[in-house]
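S.K.: Residue numbering for the first sequence follows the UniProt record's numbering, starting at 1 and increasing by one per position.
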Amino acid sequence: MPSYWLMKSEPDECSISDVAEAPGHKVPWIGVRNYQARNFMRDQMRVGDGVLFYHSSCAEPGVAGIAEVASAAYDDASQFDKTSPYFDARSDPAKPRWQHVDVKHLATTPLLSLKAMRTRPEFASMVLLKPGSRLSITPVTPDEWVAVIAALVELGAKPSIAKLVKA
DNA sequence: GCCAACGTTGGC
DNA sequence: GCCAACGTTGGC
């Protein structure tokens, strides 16, 4: 039984289209430097888990597509790359601090904006909408997943997106 | 670019 | 192990 997640990405860095166009429609989710988010990837994510792909820090933040977890967690090479913005001098190569999963594109959808989500009671429980919440990876309940898929279909996404992640 | 919320760091 | 200072996130 898969779990569901919401993962934030700045579209300037990596948009849903970037994932769609990447080799194998897959990207390594590098750069997470928050322990709670890392722990979700390392301890709880399973291949095939559903991912709401969320665009953050942009003109229109919101859910922009559907993806799935495509690998187990493995070491994030960027933590040891001095030229990377994600370099972490405190991470010991013998015991890497940061891991990440791969994320695979399943569908690009019309944007379900943060603004729209705030107006709908079915989304009120989402961690994303909690005041002060800024975690880049948050768990999504099956009910929330179904509600988001329904809202995306209402906006014009193909109804088949409902079947992309096996329940 | 502002700022509130929150996580991390490091001195004690 | 407390907690003040600092850095980051991310919507607005």
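Where a beta carbon is used, it is the ideal one built from N, C-alpha and C, also for glycine.
Model, not experiment: these values are computed from the prediction.
Are H105 and G65 touching if we call contact CB-CB under 8 Å?
M.R.: The count along the first sequence starts at 1 and reaches residue 105 at position 105. The count along the first sequence starts at 1 and reaches residue 65 at position 65. Yes. Within cutoff.
S.K.: Count the C-beta pairs between the segment 20-29 and the segment 86-95 that are closer than 8 Å, then say yes if the count reaches three, no if not.
M.R.: Contact fails: fewer than three Cβ-Cβ distances are below 8 Å.
S.K.: Count the other CB atoms within 10 Å of the CB of Q79; is the residue buried (16 or more) or exposed (fewer)?
M.R.: Counted from its first residue, the first sequence places residue 79 at position 79. That one is buried.
S.K.: What is the C-beta distance between L6 and Y54, in whole angstroms, given that I count them as a contact (C-beta under 8 Å)?
M.R.: The residue you call residue 6 lines up with position 6 of the first sequence. The residue you call residue 54 lines up with position 54 of the first sequence. That belief holds up - the Cβ atoms of L6 and Y54 are roughly 5 Å apart, short of 8 Å.
S.K.: Mind checking which residues open and close the alpha helix (DSSP H) that includes I16?
M.R.: The residue you call residue 16 lines up with position 16 of the first sequence. Run containing I16: I16 to E21, per the alpha helix (DSSP H) assignment.
S.K.: If you follow the alpha helix (DSSP H) that V148 is in, where does it begin and where does it stop?
M.R.: Start at 1 with the first residue of the first sequence, and residue 148 comes out as number 148. Unbroken alpha helix (DSSP H) run through V148: P142 to E154.
S.K.: On the DSSP bridge list, what partners appear for A70?
M.R.: Position 70 of the first sequence, counting from 1, holds the residue named residue 70. Answer is none; A70 lacks a bridge partner.
S.K.: Out of V103, M41 and K163, which one is the CA nearest neighbour of I21?
M.R.: The residue labelled residue 21 in the question sits at position 21 within the first sequence. The residue you asked about is not Ile; residue 21 is Glu in the sequence shown. The shortest C-alpha separation from E21 is found at V103.
S.K.: Would the beta-carbon of V127 fall within 8 Å of that of A67?
M.R.: Your numbering for residue 127 matches position 127 in the first sequence. Your numbering for residue 67 matches position 67 in the first sequence. No, the Cβ-Cβ distance between V127 and A67 is not below 8 Å.
S.K.: Between the beta-carbon of W98 and the beta-carbon of D81, is there less than 8 Å?
M.R.: The residue labelled residue 98 in the question sits at position 98 within the first sequence. The residue labelled residue 81 in the question sits at position 81 within the first sequence. Cβ atoms of W98 and D81: not closer than 8 Å.
S.K.: With a cut-off of 8 Å on the beta carbons, I'd call S56 and K8 a contact; round off their distance for me.
M.R.: Stepping through the first sequence from its first residue, residue 56 is reached at position 56. Stepping through the first sequence from its first residue, residue 8 is reached at position 8. The Cβ separation is near 4 Å, so the contact holds.
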